[in-house]
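Data block below; observations after.
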Amino acid sequence: MALMFPSNISVGTAIVTALLTLSLTRLFLFLICLKSKQGKEKQLLPLPPGPLGLPILGSLPFVKPNVHQYFSDLAQTYGPILSIRLGYKLFVVISSPSTAREILKDQDATFANRSIPAAILFNYNGSRPDLLWAPNDSHWRLMRKTVAREMIHPARLEDMAPIRRREMRRTVERVWARAKMGVTVHMREVAFLTMLNMLMSILWGEGANDCDEENLQRAVREHIFLFFAPNVADFFPVVAPLDPQGLGRRVKKATGWIIKYLEKVVEKKKQKMAVGERRGDMLEVLLDLIETGNPQEPFTMDDLFKLILDLMEASTDSVATVIEWAMAELLHDPKKMRIAQQELDDVIGKHRVVEESDITQLHYVSAIIKETLRLHPPAPFLVPHCPSSQCVVRGFSVPAGTTIIVNIWKIHRDTDFWGEDAEEFKPERFLATEKEMNDFNLKWNDQFYYLPFGAGRRMCVGYALGEKMVIYLLASLLHSFEWRLPENVTLELQEKFGTVLVLAEELVVAPVARLDKPELYV
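Going by full-length UniProt numbering, the sequence shown opens with residue 1, and the numbers climb by one from there.
This is the structure we're talking about:
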């Protein structure tokens, strides 16, 4: 049968068109087959190696209390990427810098979501997640941008410097009062309250009173603890709505107390703003954002409360943990404490107090903090990631929804980079000439050997300010006081795994004033 063509198209043109159409069709079918083949190959790829475990329970019965060490031991057997089933949940554990780089940089967009604990999900009750747990979407970007612009922008940091100084001096005065009475202090609590009051002063201009301070500290710590408290609902999601251990209800109770406290703060702020009394603090900015925000991406009062709670948690327990570990390591090796105090005396002397502007000259104190973050990262697994789709890592299949653990505790002990003394507390490893240090920084940043604040788009947004505040606090405490263990107390540097990696026995120490002028403490 003859082929028919429209009269306005030549036979030659029609033949070319037909051949082109046939070629494109074949190419299209080839691409479909190739995609299908690749999909099948991806599905056929094995999971990362790991222990077989038991039916139903998986490896749950074998997990040890210090999970970071347990996973590190497994990595010695199964390699830098391993899979382990805990109940019905699949976990993939990353234990090498190169594999962490693939997760947090090369495939960052795929792994930028979170694996949310059941207790936290129970508390949301259908509402949007907060900044920490939100998926990688436009609302998360709005909240992150708000924090970056209103809290850690260089101009804002400069404006808030007097507030940070005031709260630091208040802490020194509190400790001095106890030193005069010969009373010991709990180092973790000193650091926690310093950061809590500093953050509240930055957010809305005033700290908590003594009664609220104690209750707020308890509620925030309870909330943080419950993030990763062992919860059967995390391993058997089918029972999560029942909240069998009551952890979700405990989260809700702690959250409720904090929200009620914040509601009073917001109401007080609104009354002041109504009569034209403004301080330009972050709470005012957030309230304005609620009023004038983008209708397509609204910022609500619920978002405000959750964001403030995130900031409280990010800036209190982690800082307190780093300070406690740093002080414990210095008490364990008093020679290093003397080196730090000598540096403080050389740079500052004993005639004035430590200022933020001194930090750039405090090389050894800064090295102490960096080494503490390396050896005792507050979040040894960071915050768990979760791939949005099935993907391939190091030739292994990683299904969508898998909980991804980046074991930076082990990465920070990698002897290939840190040397055979990687298990030792050695601040000197961070001391070098400026060029050597720049090369060192470039290497660990590019090769992912040092990740205390994470990496990629879910990296801690306030890491630079956080590290600066930890150095400032440690320097102020070392400059103002001598630190001693109480009589008949032996220091044990044992770790206790949790939401943050804390010292197993809380550090209780006796401060002794080391400055001659009492006015430097007031």
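The beta-carbon is built from N, C-alpha and C at its ideal position, and this holds for glycine as well.
If only complete runs of 3 or more residues are kept, the segment 459–517 shows the beta strand (DSSP E) at 481–484, 508–513, in order along the chain. With contacts defined by Cβ atoms closer than 9 Å, LEU344 and LYS336 do not form a contacting pair.
For ARG178, the enclosing alpha helix (DSSP H) covers residues 154–180.
The beta carbon of ILE348 lies closer than 7 Å to those of VAL354, ASP358, HIS479 in the same chain, with the five residues before and after it left out. DSSP places ILE84 in the uninterrupted beta strand (DSSP E) bounded by 81–86. Counting along the chain, LYS64 sits inside no beta strand (DSSP E), nor does DSSP assign it H or E at all.
The residue among LEU304, MET200, GLU213 with its C-alpha nearest the C-alpha of LEU131 is LEU304. Looking at the DSSP output, VAL92 bridges to SER83, ILE404.
Proximity of the segment 108–123 to the segment 384–395 meets the contact definition, three or more beta-carbon pairs being nearer than 8 Å.
Membership of PHE396 in any alpha helix (DSSP H) is not indicated; the residue belongs instead to the beta strand (DSSP E) covering 396–398. The alpha carbon of VAL190 has as its nearest neighbour, out of ALA320, VAL265, LYS306, the alpha carbon of ALA320. Just so you know, the alpha carbons of ASP421 and PRO377 end up roughly 17 Å apart. Put simply, the segment 220–228 does not touch the segment 174–184. Fewer than three CB pairs are less than 8 Å apart. Residue burial is scored here from C-beta neighbours: ASN215 has fewer than 16 other C-beta atoms within 10 angstroms and is therefore classed as exposed. Distance from the CA atom of MET301 to the CA atom of ILE404, rounded to whole angstroms, is 32 Å. The three-state reading of DSSP puts HIS223 in helix, counting H, G and I together. In the structure shown, ASN113 falls within a strand segment according to DSSP collapsed to helix, strand and coil. In the three-state reduction of the DSSP assignment, LEU54 falls in the strand class. Secondary structure of VAL522 (DSSP, three-state): coil.
Of the residues assessed, SER138 falls on the exposed side of the cut-off, its CB having fewer than 16 other CB atoms within 10 angstroms. The shortest C-alpha to C-alpha distance from PRO384 to any of TRP133, THR77, SER72, ASN66 is the one to TRP133.
Across the structure, ASN66 and LEU473 are spaced so that their CA atoms are roughly 29 Å apart. Under DSSP, VAL185 forms a beta bridge with VAL509. Take TYR78, set aside five residues on each side of it, and the residues of its chain with a beta-carbon closer than 6 Å to its own are PRO49, GLY50, in chain order.
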